[in-house]
Amino acid sequence: MLLRQRSLAALLTAEIVSTTGSLMSTLALPWFVLVTTGSPARMGVTMAAELVANALAGLPGGTLAARLGARRTMLIADAARAPLVALIPILSWLGLLSFPVLIAIVFTLGCFFAPYLASQRSILPELLGEDERLLGQANALLGGAERLTIVLGPPLAGLLITVTSASAVLLIDAATFLVSFVLLAGLVPSGRPLGEDPGGLLVGVRTLLADRLLRAWLFTSSAFELAWQAMFAAVPVLAFIRYDGDARVAGWLFAAFGAGALAGNVLAYRALVRIPGLVLAPLAKIPQAAAFWLLAFGTSAWLVGGVLAVTGICNGLINAPFMAVQTSRLPRAVRTQALTASLTISLLAGGVGLACAGPALGHFGLHPVFLGIATIHTIGGVIFTAAGLRARRAVLRAAFADGGDQRLEGAGVRG
1 MLLRQRSLAA LLTAEIVSTT GSLMSTLALP WFVLVTTGSP ARMGVTMAAE
51 LVANALAGLP GGTLAARLGA RRTMLIADAA RAPLVALIPI LSWLGLLSFP
101 VLIAIVFTLG CFFAPYLASQ RSILPELLGE DERLLGQANA LLGGAERLTI
151 VLGPPLAGLL ITVTSASAVL LIDAATFLVS FVLLAGLVPS GRPLGEDPGG
201 LLVGVRTLLA DRLLRAWLFT SSAFELAWQA MFAAVPVLAF IRYDGDARVA
251 GWLFAAFGAG ALAGNVLAYR ALVRIPGLVL APLAKIPQAA AFWLLAFGTS
301 AWLVGGVLAV TGICNGLINA PFMAVQTSRL PRAVRTQALT ASLTISLLAG
351 GVGLACAGPA LGHFGLHPVF LGIATIHTIG GVIFTAAGLR ARRAVLRAAF
401 ADGGDQRLEG AGVRG
């Protein structure tokens, strides 16, 4: 059983601890900006700064991560992010936290995210091997750990913000990075670093674009990330404007998505035993895109929470096979760079979504933004599903051709 492997269990535990803290900050940081500035636009800029940092740091960070090795990259990222997050409340208490300083800190935090997450994914083959089914199940477990943090983090953050302050929640997040560092350093073995750059700064991008399926999924997943980040930006605005600034409402809305996604990852873990990832991910995108159109009927917290739960279930069914297929199709020599490039492009699109969501929410309101999100998921979903099923047909044709050749050879027939 996968969970009996000590290194994988430690990786999952570190993920739960640190990402619970990060998800608490996902609510605490925009809430901090809303309370101190009263500006949804500034909130959007703050949230976007961390993601946009990937545009500048993601690709060189991926190259560096390939040289250092996945484990060492993750340790450096945890060690750096702990003091950076702690700086925000400390400087605020000292009266030294101007808005440009806040943006600079958040931007610096963003420089570590893509290399860390790519290293977290690329370390799985080092621990488990290259089998796509095992990688899919491991990604389902890792995704489940991430989704569990969405269930735990935002509601806990909402409660703690109400009882204490957003600044106190940020300090807790800083401490979780230290716990993750200790777990990774003590229980996760190091892989074999490549030692040299096998193809330059853009090798990851070139590798993704050379594969027809990965190219289509790169662009569609980036569009989905833009829409998701706009959705997540709308959640605290909904709670702040329509529910008298009740942070608990925002926390429970995030938790609805997390609970759904956790359930989806559990289903994916079981489904991947029988259903190929190239079938599961494309088919799960269809009901997810359809569910977003329910937001056309209103923007109550109950309706938004229900949509987030349903789309979260689908998200769990999509992401695990998506990551497994992507990882298994990438050559090991450029895997970290390619995964980092994918995350960089996707999160840059998410940064655009956040930067646009703040002004759009302030100018147009919630309902038009929700309709735009549904449109993006629908158009992108058609392309995503078609590309995945087309790739699956190609795999079946190749397998059938190989089987036919083997039968002919077994019968003594030669071409």
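Just so you know, the sequence shown maps onto residues 1 to 415 in our numbering.
Each residue gets a CB set at the ideal place from its N, CA and C atoms; glycine is no exception.
- Task: Just mark Ile373 as buried or exposed, buried being the case when its beta carbon has 16 or more other beta carbons within 10 Å.
- Result: Translated into positions along the sequence shown, residue 373 becomes position 373. Burial call: buried.
- Which residue's Cα is closest to the Cα of Gly316: Ala168, Thr20, Glu146? Here the question's residue 316 lines up with position 316 in the sequence shown. Considering only alpha carbons, the answer is Glu146.
- Task: Starting from the C-beta of Ala256, find all residues in its chain whose C-beta is less than 6 Å away, skip the five residues before and the five after it, and write them out in chain order.
- Result: As a first step, residue 256 is located in the sequence shown; it is residue number 256 there, counting from the start. Around Ala256: Gly305, Leu308, Ala309.
- What does a CB cutoff of less than 8 Å around Leu156 pick up in its chain, not counting 5 residues either side in sequence? Looking up residue 156 in the sequence shown gives position 156. Here the set comprises Thr20, Met24, Gly251.
- Tell me whether the beta-carbon of Ala320 lies closer than 8 Å to the beta-carbon of Gly129. One-based indexing of the sequence shown puts residue 320 at position 320. One-based indexing of the sequence shown puts residue 129 at position 129. Not in contact: Ala320 and Gly129 (Cβ atoms no closer than 8 Å).
- Inter-residue spacing [alpha-carbon to alpha-carbon] between Gln337 and Phe364: Indexing the sequence shown from 1 puts residue 337 at position 337. Indexing the sequence shown from 1 puts residue 364 at position 364. Near 39 Å, if we compare the C-alpha coordinates of Phe364 and Gln337.
- Query: Under the three-state reduction of DSSP, which class applies to Asp131: helix, strand or coil?
  - Reply: Here residue 131 refers to the residue found at position 131 when the sequence shown is read from its first residue. Looking at Asp131 - three-state DSSP - the assignment turns out to be coil, as it is neither helix nor strand.
- Could you give the distance in angstroms between the alpha-carbon of Val163 and the alpha-carbon of Gly245? Here residue 163 refers to the residue found at position 163 of the sequence shown. Here residue 245 refers to the residue found at position 245 of the sequence shown. Each residue's Cα considered, the two are about 14 Å apart.
- Message: My assumption, with CB atoms under 8 Å, is that Ser167 sits in contact with Trp217. Please give the rounded CB distance.
- Response: If you number the sequence shown from 1, residue 167 lands on position 167. If you number the sequence shown from 1, residue 217 lands on position 217. Not confirmed; about 39 Å, so no contact.
- Item | Close Cβ partners of Ala185 (< 7 Å) along its chain, the five nearest in sequence each way excluded | Taking the sequence shown and counting its residues from 1, the one referred to as residue 185 is at position 185. Cβ neighbours of Ala185 beyond the five flanking positions: Leu75.
- Query: What are the complete alpha helix (DSSP H) segments, minimum 4 residues, inside the stretch 50-127?
  - Reply: Secondary structure within the stretch 50-127: the alpha helix (DSSP H) runs of 4 or more consecutive residues, fully enclosed, are 70-93 (chain order).
- Message: I need the DSSP call for Asp173, collapsed to helix, strand or coil.
- Response: Walking along the sequence shown from the start, residue 173 turns up at place 173. The answer is helix: DSSP assigns Asp173 an H, G or I state.
- Applying the criterion that 16 or more other CB atoms from any shown protein chain within 10 Å of the CB defines a buried residue, is Pro331 buried or exposed? Counting from one through the sequence shown, the residue named residue 331 turns up at place 331. By the 10 Å Cβ count, Pro331 comes out exposed.
- Message: Could you check whether Gly312 and Gly264 sit closer than 8 Å to each other, using their CB atoms as the reference points?
- Response: Taking the first residue of the sequence shown as 1, we reach residue 264 at position 264. Taking the first residue of the sequence shown as 1, we reach residue 312 at position 312. Contact flag set, yes.
- What number of angstroms, rounded off, separates the C-alpha of Val45 from the C-alpha of Ile103? Position 45 of the sequence shown, counting from 1, holds the residue named residue 45. Position 103 of the sequence shown, counting from 1, holds the residue named residue 103. Using only the alpha carbons, I get a separation of about 8 Å.
- Thinking Ala114 and Gly158 are a contact (beta carbons under 8 Å), I'd like their distance in whole angstroms, please. Here the question's residue 114 lines up with position 114 in the sequence shown. Here the question's residue 158 lines up with position 158 in the sequence shown. About 28 Å; that fails the 8 Å criterion.
- Message: Just to confirm my understanding: we take Ile123, look at its own chain, exclude 5 residues before and 5 after, and list those with CB closer than 8 Å. What are they?
- Response: Here residue 123 refers to the residue found at position 123 of the sequence shown. Excluding residues within five positions, the ones whose Cβ falls inside 8 Å are Leu11, Ala70, Arg71, Met74, Val188, Gly191.
- At what residue ranges does the stretch 263-308 contain a whole run of the beta strand (DSSP E), taking only runs of 3 or more? Correct list: empty.
- Excluding the five sequence neighbours on either side, which residues of its own chain have a C-beta within less than 6 Å of the C-beta of Leu354, listed in chain order? In the sequence shown, counting from the first residue as 1, residue 354 sits at position 354. For Leu354, where only same-chain residues beyond five positions count, the Cβ hits under 6 Å are Gly44, Met47, Ala48, Gln229, Ala233.
- Message: Can you tell me whether Phe370 is buried or exposed? The criterion is at least 16 other CB atoms within 10 Å of its CB, across all chains shown.
- Response: Working through the sequence shown from its first residue, we reach residue 370 at position 370. Answer is buried; the Cβ neighbour count reaches 16.
- Task: Determine the extent of the alpha helix (DSSP H) in which Leu339 is found, giving its start and end residues.
- Result: Position 339 of the sequence shown, counted from the start, is the residue given in the question as residue 339. Note, Leu339: alpha helix (DSSP H), 335-363.
- Item | Helix, strand or coil at Val188 according to DSSP, with G and I counted as helix | Position 188 of the sequence shown holds residue 188. If DSSP states are grouped into helix, strand and coil, Val188 belongs with coil.
- Query: The alpha helix (DSSP H) spanning Leu29 covers which residue range?
  - Reply: As a position in the sequence shown, residue 29 is number 29, starting the count at 1. Run containing Leu29: 6-37, per the alpha helix (DSSP H) assignment.
- Query: Rounded to a whole number of angstroms, what is the C-alpha to C-alpha distance between Ser18 and Leu29?
  - Reply: The count along the sequence shown starts at 1 and reaches residue 18 at position 18. The count along the sequence shown starts at 1 and reaches residue 29 at position 29. Roughly 16 Å between the two C-alpha positions.
- Item | Cβ pair count under 8 Å reaching 3, the stretch 333-352 against the stretch 206-214 | yes
- Task: For Phe400, count neighbouring C-beta atoms within 10 Å of its own C-beta (all shown protein chains included) and say buried if the count is 16 or more, exposed if not.
- Result: For the purposes of this step, residue 400 is taken as the residue at position 400 of the sequence shown. Exposed, by the Cβ-count rule.
- Message: Tell me whether the stretch 75-86 and the stretch 167-181 touch, counting them as touching only if at least three CB pairs, one residue from each stretch, are closer than 8 Å.
- Response: By the Cβ rule, the stretch 75-86 counts as touching the stretch 167-181, because three or more pairs are nearer than 8 Å.
- Item | Cβ neighbours of Gly195 in the same chain (closer than 8 Å, five flanking residues each side left out) | Stepping through the sequence shown from its first residue, residue 195 is reached at position 195. In this prediction, Gly195 scores a pLDDT of 47, lower than 50, which makes its location untrustworthy; no coordinate-derived value is stated.
- Using the Cα positions of Val266 and Ser98, report the straight-line distance between them to the nearest angstrom. The count along the sequence shown starts at 1 and reaches residue 266 at position 266. The count along the sequence shown starts at 1 and reaches residue 98 at position 98. Distance between the alpha carbons of Val266 and Ser98 is about 43 Å.
- Under 8 Å between the Cβ atoms of Ile150 and Ala261? Working through the sequence shown from its first residue, we reach residue 150 at position 150. Working through the sequence shown from its first residue, we reach residue 261 at position 261. Contact flag set, yes.
- Any chain C beta carbon closer than 8 Å to Gly69: Of the protein chains in the structure, only one exists, and it is not chain C.
- Cα separation between Val395 and Ile383? Here residue 395 refers to the residue found at position 395 of the sequence shown. Here residue 383 refers to the residue found at position 383 of the sequence shown. Straight-line Cα distance between these residues: approximately 19 Å.
- Message: Residues in the same chain with beta-carbon distance under 8 Å from Ser7, minus the five sequence neighbours each way, listed in chain order, please.
- Response: Translated into positions along the sequence shown, residue 7 becomes position 7. Correct list, in chain order: Leu127, Leu187, Val188, Pro189.
- Start and end residues, alpha helix (DSSP H) containing Gly204: On the sequence shown, residue 204 is found 204 positions in, with the first residue counted as 1. Looking at the DSSP string, the run of the alpha helix (DSSP H) that includes Gly204 is 203-210.
- Please confirm whether Glu50 and Val106 have their CB atoms less than 8 Å apart. In the sequence shown, counting from the first residue as 1, residue 50 sits at position 50. In the sequence shown, counting from the first residue as 1, residue 106 sits at position 106. Closer than 8 Å, so yes.
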